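Following: one structure in structure tokens, then a few remarks.
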Amino acid sequence: MNFDIIKEVRENTPLIHHLTNQVVMNFTANGLLSFGGAPIMAKAEEEANEVASIANGVLINIGTLTSQELKAMIQAGKAANRKGIPVVLDPVGVAATPFRSDAVKQILKEVHPTVIKGNAGELAHLVEIPWKTKGVESIGEGDVEEIASKTAEIYQTTAIVTGETDIISTEKSIIHNKTGHILLTKVTGAGCLLGSIVTACLTTNHPIEEQTLSAVKFYGMAAEFAASQKGVTGPGTFLPQFIDALSLDADVLERR
Ligand SMILES: Nc1ncnc2c1ncn2[C@@H]1O[C@H](COP(=O)(O)OP(=O)(O)OP(=O)(O)O)[C@@H](O)[C@H]1O
Ligand SMILES: Cc1ncsc1CCO
Numbered sequence: 507m508n509f510d511i512i513k514e515v516r517e518n519t520p521l522i523h524h525l526t527n528q529v530v531m532n533f534t535a536n537g538l539l540s541f542g543g544a545p546i547m548a549k550a551e552e553e554a555n556e557v558a559s560i561a562n563g564v565l566i567n568i569g570t571l572t573s574q575e576l577k578a579m580i581q582a583g584k585a586a587n588r589k590g591i592p593v594v595l596d597p598v599g600v601a602a603t604p605f606r607s608d609a610v611k612q613i614l615k616e617v618h619p620t621v622i623k624g625n626a627g628e629l630a631h632l633v634e635i636p637w638k639t640k641g642v643e644s645i646g647e648g649d650v651e652e653i654a655s656k657t658a659e660i661y662q663t664t665a666i667v668t669g670e671t672d673i674i675s676t677e678k679s680i681i682h683n684k685t686g687h688i689l690l691t692k693v694t695g696a697g698c699l700l701g702s703i704v705t706a707c708l709t710t711n712h713p714i715e716e717q718t719l720s721a722v723k724f725y726g727m728a729a730e731f732a733a734s735q736k737g738v739t740g741p742g743t744f745l746p747q748f749i750d751a752l753s754l755d756a757d758v759l760e761r762r
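Residue numbers for the sequence shown follow the numbering used here, beginning at 507 and rising by one.
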């Protein structure tokens, strides 16, 4: 974990253009603000180019996708690629319907994501490995490393597969992260907010292995810290503590 990456995000407050789902917009904006970034939620095709061109990073999350939003995602992703700023793709629920699956194929044809992040079921679908899913959730079991490395290889990107152990695969390396807390699976959008935090970390000037590992590790440490706070008895009491913990220094979380 490279503490400088978290520090740099906070010094620079990168503007992150979110084309994300309706379920998690508010939670994501609050979580990113607490972490030290600047969120803007903008999903109209009419402004996709302009917003992406003033942003430092773009997050594309297809959780509640519509055909109109798909056009905006492609525009914003292409603008980000042209500008050379990071693009993170979170193919939420991609295995659930042909509409989502076709949409992600179209995005991947036109946009090159810096990182593809999702749970095992989502990324397994992208690399045609059979996996059990239930809506937006992954309920299967199997070789998660294979899913991560195939995603990285096929899409020439860095893959993050989230779960009890997060797996990061670049074209050259596989990294494991074990921080996290089971309560993250009991609140909606924990994966979605992580996508935003990963995007913010990608705006710093460090190797991608360090940026992605620092993001997932810090995020898991914040969850562990929040869950250990007095009065946390379940998902509802965990949430505000988690938002608070995202604003802390990494060494404070580590000393827990
Ligand atoms: N069993 C677990 N124990 C600890 N942490 C976990 C566990 N499962 C997932 N996490 C953590 O929860 C966060 C979200 O991962 P998850 O795989 O649940 O995302 P997701 O399915 O995309 O979530 P969502 O769709 O709700 O946004 C990650 O930081 C991950 O490390
Ligand atoms: C529950 C849900 N449905 C579509 S997006 C979303 C948020 C978590 O992925």
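Where a beta carbon is used, it is the ideal one built from N, C-alpha and C, also for glycine.
Just so you know, these numbers come straight off a predicted model, no measurement behind them.
Would you check if the distance between the CB atom of residue i and the CB atom of residue j is smaller than 9 angstroms?
| i | j | result |
| --- | --- | --- |
| Ala582 | Val564 | yes |
| Thr668 | Ala729 | no |
| Glu616 | Lys589 | no |
| Ile635 | Gly599 | no |
| Val515 | Gly537 | no |
| Val530 | Cys698 | yes |
Looking only at its own chain, which residues have a Cβ that is under 7 angstroms from the Cβ of residue i, when we skip the five neighbours before and after it?
| i | result |
| --- | --- |
| Met579 | Leu525, Ile566 and Ile613 |
| Asn587 | Val593, Val617 and His618 |
| Ala609 | Ile568, Leu571 and Leu576 |
| Ile660 | Val633 |
Does the Cβ of residue i lie closer than 8 angstroms to at least one heavy atom of ligand 2?
| i | result |
| --- | --- |
| Asn536 | no |
| Gly695 | yes |
| Thr603 | no |
Mapping the DSSP letters down to three states, classify residue i as helix, strand or coil.
| i | result |
| --- | --- |
| Ala544 | strand |
| Leu595 | strand |
| Glu643 | strand |
| His631 | helix |
| Lys513 | helix |
| Ala665 | strand |
Say yes only if the C-beta of residue i is nearer than 8 angstroms to one or more non-hydrogen atoms of ligand 1, and no if none qualify.
| i | result |
| --- | --- |
| Ile512 | no |
| His687 | yes |
| Cys698 | yes |
| Leu690 | yes |
Closer than 6 angstroms by C-beta to residue i: which residues in its own chain qualify, once you throw out the five before and the five after it? Chain order, please.
| i | result |
| --- | --- |
| Met507 | Ser720 and Lys723 |
Give a yes or no on contact between the segment 703 to 712 and the segment 618 to 636, applying the rule of three or more CB pairs nearer than 8 angstroms. yes
Any contact of the segment 646 to 654 with the segment 671 to 678, i.e. 3+ C-beta pairs under 8 angstroms? yes
With a threshold of 8 angstroms, are at least 3 pairs of Cβ atoms found where one atom belongs to the segment 730 to 750 and the other to the segment 677 to 692? yes
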